[in-house]
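Chains as they are written, first to last, in the numbering used here: chain A, 168 to 453; chain B, 168 to 453; chain C, 168 to 453; chain D, 168 to 453. All C-beta atoms, glycine included, are put in the ideal place defined by N, C-alpha and C. On a predicted model such as this, the values are computed, not experimentally measured, just so you know. Notes to accompany the following structure.
Number of protein chains: 4
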Amino acid sequence: MPRAGLILKLSCPDQPGIVAKVATYVAGHRGNLVEFAQFSDKLGGKFFARLEIETSELDVDPEDFIEGFGTLGRSLKADWHFRRLPFRMRTAVLVTKTDHCLQEVLWRAELNELPVEITSVIGNRDVCRAVAERAGFRFNLVEMDGERRERGFLELRDQLVEQKVELIVLARFMQILPDWFCEEFSGKIINIHHSFLPAFIGANPYKQAHERGVKLIGATCHYVTSELDAGPIIEQEVERVQHFHSPADLVRLGRDCERSALAKGIRYHVHDRTILDGHRAIVFPD
Amino acid sequence: MPRAGLILKLSCPDQPGIVAKVATYVAGHRGNLVEFAQFSDKLGGKFFARLEIETSELDVDPEDFIEGFGTLGRSLKADWHFRRLPFRMRTAVLVTKTDHCLQEVLWRAELNELPVEITSVIGNRDVCRAVAERAGFRFNLVEMDGERRERGFLELRDQLVEQKVELIVLARFMQILPDWFCEEFSGKIINIHHSFLPAFIGANPYKQAHERGVKLIGATCHYVTSELDAGPIIEQEVERVQHFHSPADLVRLGRDCERSALAKGIRYHVHDRTILDGHRAIVFPD
Amino acid sequence: MPRAGLILKLSCPDQPGIVAKVATYVAGHRGNLVEFAQFSDKLGGKFFARLEIETSELDVDPEDFIEGFGTLGRSLKADWHFRRLPFRMRTAVLVTKTDHCLQEVLWRAELNELPVEITSVIGNRDVCRAVAERAGFRFNLVEMDGERRERGFLELRDQLVEQKVELIVLARFMQILPDWFCEEFSGKIINIHHSFLPAFIGANPYKQAHERGVKLIGATCHYVTSELDAGPIIEQEVERVQHFHSPADLVRLGRDCERSALAKGIRYHVHDRTILDGHRAIVFPD
Amino acid sequence: MPRAGLILKLSCPDQPGIVAKVATYVAGHRGNLVEFAQFSDKLGGKFFARLEIETSELDVDPEDFIEGFGTLGRSLKADWHFRRLPFRMRTAVLVTKTDHCLQEVLWRAELNELPVEITSVIGNRDVCRAVAERAGFRFNLVEMDGERRERGFLELRDQLVEQKVELIVLARFMQILPDWFCEEFSGKIINIHHSFLPAFIGANPYKQAHERGVKLIGATCHYVTSELDAGPIIEQEVERVQHFHSPADLVRLGRDCERSALAKGIRYHVHDRTILDGHRAIVFPD
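Here it is in structure tokens:
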């Protein structure tokens, strides 16, 4: 990622000349294309692109550059989004009991591998408090069991809004989100599911995998929609297993799949390398 | 695999002393253990083993050795099976239109990588005749469309029985087998399914995978039971895919998964490296 | 790949505005960009791109379009190459004894997975003749052992020139090529080396791998230069191995790596998805 | 691993009847074999085995059982080693600057995934002190730069001896160990090398890998011997890379290979799943 610059994500109906128009707009204002990834979806008739633009030589203010792009964007009937660099995405991490995904996220944030600012770690149990706090992050307990469920999610929403988060990571958060919550934070919630979706939807996927006798287990990082475990997939990982692996072994081996898939999924999201396209996610990996 | 020898597969209720008893029987008759793979399934309370025994120094005839084992086997309440080496498993390959799995099997047989004797290639279409015949194998067309289905499967059964096959490979054979057929050849039919089971059961799995936007596609080699795509899994392979891969690309990339998983699955079966355990297959890979 | 169109490969010193200029040239003549992959190498200061252009709406002849591009190309100080589609690359396959890589290439060609026209299979032994001929290809024996080496390579050169090949595949061809031969066909010779280069350069890599006790073996598909096993790498594959695998097992497992890496390497080359950059190959995979 | 029991590792010249004798000894004293992995190395003429024995029904004291085995072991001309379970291996972690491998080890220890007792974290720089101390571990700085090298290693040796460590993990410890040190702790030092050995021995392997243009990078976990990066390999991991990955990207992607390979390597060692055999390591994975 350039130190100072812009990321532009764009999707529009496919049509001749898009690349020329967009690149000419950038070059015309002395922006320098560092990366230009694009995808013409012949089946869906749509065009998707992601540009990294180095702006140190720009002949106008970046804000002016962004505003001026609107005329072109509208003529292409595009959806687009600019991000100014450098930036750190404000991120909340939601947890329940297990902490391996939380630790992975905190570790990569600390290492500066992920440009995120962890605004808080929020648990519906108090179990992960120590892990969060010793790493220097705020931990909020929001109870949402049984009758407290609705009130809990309202409180959670308020915290997230107040923290101005752009990303909510479900790091093995074991509560099904209410539909209104999924919609309010649509495109901003990333979950790690502990199976190779769409196999083994729902609870206890490792137990299901053991009973089915699969030879590979997996983990799936996906955007959350109101349909359980059916949101757009960002990344998947698998690990080879054998007959002698017990369900407990699958849990252990699966942890590594989960950590890896979640870390990559977050990475692609915070670097604006994902574009949603209905049930699917376009991902320009790095 | 030793040039001359025996393979013993054994499963029985788990109990102390099995290894000692079995190994002592072998050593007591001057058999030499080349390989001894075993698995004590704590959850299921069962014991499984596979032994390769070099028999050149045996103090009795191999037949006598095999018969004498019966007393021990029965005392362990075991199921067991001896195979005399060298051997080539009599194998029929069933095909419809696509020939990549057929070619893979023929190629590995020809290379002596798989100890099989292809008794015939049988198609419910005539498409693969040329591939089979130019490689020197007999090709039989058995029509089984529409009304001819029942008669076709009866004819197929007769051919397989007459050829004394021990293995029926469904190399992208696009007909659902009747239940009676699955039962008659139980444990002898290996299928390659073009998805990472249990995801995408049934028809057109690559199309399903494309629509779901998965980031890995796969293939599954499994024993056939009367429940569709639900038999014990022997081997699975995956390949990474991206958003720009069309369903046709998935078909192309999937072919390599299918060829690899099928070849490994057959290899484990013909080397007696698989033991069925209900819905699961114990596999001692090499 | 589009049915009718052009592929443009381009490399030039990195500079602002390249994408805009190239895309504008294409769009200005009503070419439609189907794919535009590019790479700005910050370390080397170079720019690389590959474009697939659908030409059915072009406002000039494709030849005219290609010629007109020259002015832009020269102003960018670029190297570039156009390929008219559809096309089949004229390809010779060189073999010695083992035939698995040969079979893989012939199979993929036959399946139309690789757009190649096999002009001949050439062996320095007669071993692979049957495999080539039964698949319907011409087989030429060119002896080059001992004293016949120099004369053999001259004869080989003459055959390749006469066949107008654009690609020479060394499908386990066990002769070191003379320098003059590497230079004459520079960028047109693809080899499959049976190790994970740069580990185990030279002879008997599987034996070396066994002695070193590695836990993964591999294969490397690379362009051939006059330095042994040091040409630009196109693709690599690995397979997990264990202590019990003998050198013969590594040979067997390695065959699958070799087939896969070679097939992908050829695919990238014949689809013009590779651009040479000194010791490295830029590869835009599909 | 059983809660209470014994692990027996054994290597001896291959000979008929070993399994029978060993298993009969175990069963004769009412030990229960939970796992019995063995390997007959035809090439080297050696036999290797690892047994997990559940001892709750043993008819003698475990110590007596262990002592009594000696008669059999000597008659087999074997090397053998018993481990009483449960146990935690006393382990020191050596670091320099980068902390990702350290964090991985501490995390897995804390999660009880690895049965180790971290006796101390020792650095030749002070950089990792905070990571170690906030996780609750002692951190010792031992300076060994330039003239202090010899004195530093003597001090290190004294600390390790005083802590009675059975395992020394070089978690990206950037000092070459003196020969006398390697010999004193022979078979007890595990290193993670940041390349796919034997490719890229020595310094800066990611830079070497970038220059060579490899398509896969890797990491190797191995025992340390006095020959640089040439000790027996326990585990290797690879990750796919492309031309656009800079050396810094390779460092980032390689961290995940390093963490994974090191964690598995330590796991196999502390569960006594490794047996050294000259330049190679026999590994019975779980």
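Phe206 (chain A) sits in a strand when the DSSP states are folded into three classes. DSSP links Gly172 (chain A) through a beta bridge to A:Glu221 and A:Leu252. At a cut-off of 8 Å between beta-carbon atoms, Leu252 (chain B) makes no contact with chain C. Within the segment 251 to 281 of chain A, the beta strand (DSSP E) runs of at least 3 residues that lie entirely inside it are, in chain order, 256 to 262.
Per the coordinates, the alpha-carbon of Pro345 (chain C) lies some 36 Å from the alpha-carbon of Glu234 (chain C).
CA-CA distance, Ile442 (chain A) to Asn358 (chain C), rounds to 39 Å.
Secondary-structure assignment with DSSP links Ile335 (chain A) through a beta bridge to A:Ala259 and A:Ile356. Measuring C-alpha to C-alpha distances from Phe215 (chain B) to each of B:Gly354, B:Ile343, B:Arg324 and B:Val189 identifies B:Val189 as the nearest. About 5 Å separates the CB atoms of Cys268 (chain D) and Leu429 (chain D); that is less than 8 Å, so the two are in contact. Counting only residues of its own chain and dropping the five nearest sequence neighbours on each side, Thr265 (chain B) has a CB closer than 7 Å to the CB of Arg339.
Using a Cβ-Cβ cut-off of 8 Å, Pro365 (chain B) counts as an interface residue toward chain A, since at least one Cβ of chain A sits closer than that to its own. Per the C-alpha coordinates, the member of A:Glu310, A:Lys355 and A:Pro372 positioned closest to His389 (chain A) is A:Lys355. At least one beta carbon of chain B lies nearer than 8 Å to the beta carbon of Ile449 (chain A). Annotated three-state conformation of Gly319 (chain D) is helix, per DSSP.
Closest in C-alpha terms to Arg407 (chain C), from the list D:Val408, D:Asp181 and D:Gln403, comes D:Gln403. In the structure shown, the three-state DSSP call for Gln403 (chain D) is strand.
Ranking B:Asp181, B:Lys382, B:His436 and B:Leu252 by CA distance to the CA of Glu230 (chain B) puts B:Leu252 first.
The alpha-carbon of Gly237 (chain D) is positioned some 28 Å away from that of Glu221 (chain B).
Linking Val260 (chain A) to Val391 (chain A) through their CA atoms gives a straight-line distance of about 14 Å. Here the segment 414 to 424 of chain C lies against the segment 357 to 373 of chain C, with 3 or more beta-carbon pairs under 8 Å apart. The CB of Thr222 (chain A) never comes closer than 9 Å to any CB in chain C; the least such distance is about 12 Å. Between the alpha carbons of His438 (chain C) and Phe254 (chain A) lies a distance of about 39 Å. For Lys431 (chain C), the closest alpha carbon among the candidates C:Gly198, C:Ala386 and C:Pro414 is that of C:Ala386. Looking at D:Glu271, D:Pro282 and D:Thr258, the one whose alpha-carbon comes closest to that of Gln330 (chain D) is D:Thr258.
Rounded to the nearest whole angstrom, the CA to CA distance from Glu317 (chain C) to Gly172 (chain C) is 42 Å. Apart from sequence neighbours up to five positions away, the residues of its chain that approach Arg447 (chain A) with a beta-carbon distance below 6 Å are Pro399, ordered along the chain.
Sequence-ordered contacts of the segment 234 to 245 of chain B with chain D are nonexistent [C-beta pairs closer than 7 Å].
In this structure, C:Lys176 is the residue among C:Lys176, C:Asp396 and C:Asp228 with its C-alpha nearest to the C-alpha of Phe206 (chain C). Phe249 (chain B) is outside the set of residues whose beta carbon lies under 8 Å from a beta carbon in chain D. Contact residues of the segment 420 to 432 of chain A toward chain D are Asp423 and Ser427 (C-beta to C-beta distance below 7 Å).
When Cβ-Cβ separations below 8 Å define contact, Gly184 (chain B) makes contact with chain D.
Chain order gives no chain C residues near Pro180 (chain D), where near means a beta carbon separation below 8 Å; the closest approach is about 17 Å. Per DSSP, Leu395 (chain C) has no beta-bridge partner at all. Here DSSP, grouped into helix, strand and coil, assigns Gly369 (chain A) to coil. A distance below 8 Å separates the beta carbons of Pro183 (chain A) and Ala194 (chain C). Contact between Phe348 (chain A) and Arg324 (chain A) holds: CB atoms are separated by about 7 Å, below the 8 Å threshold.
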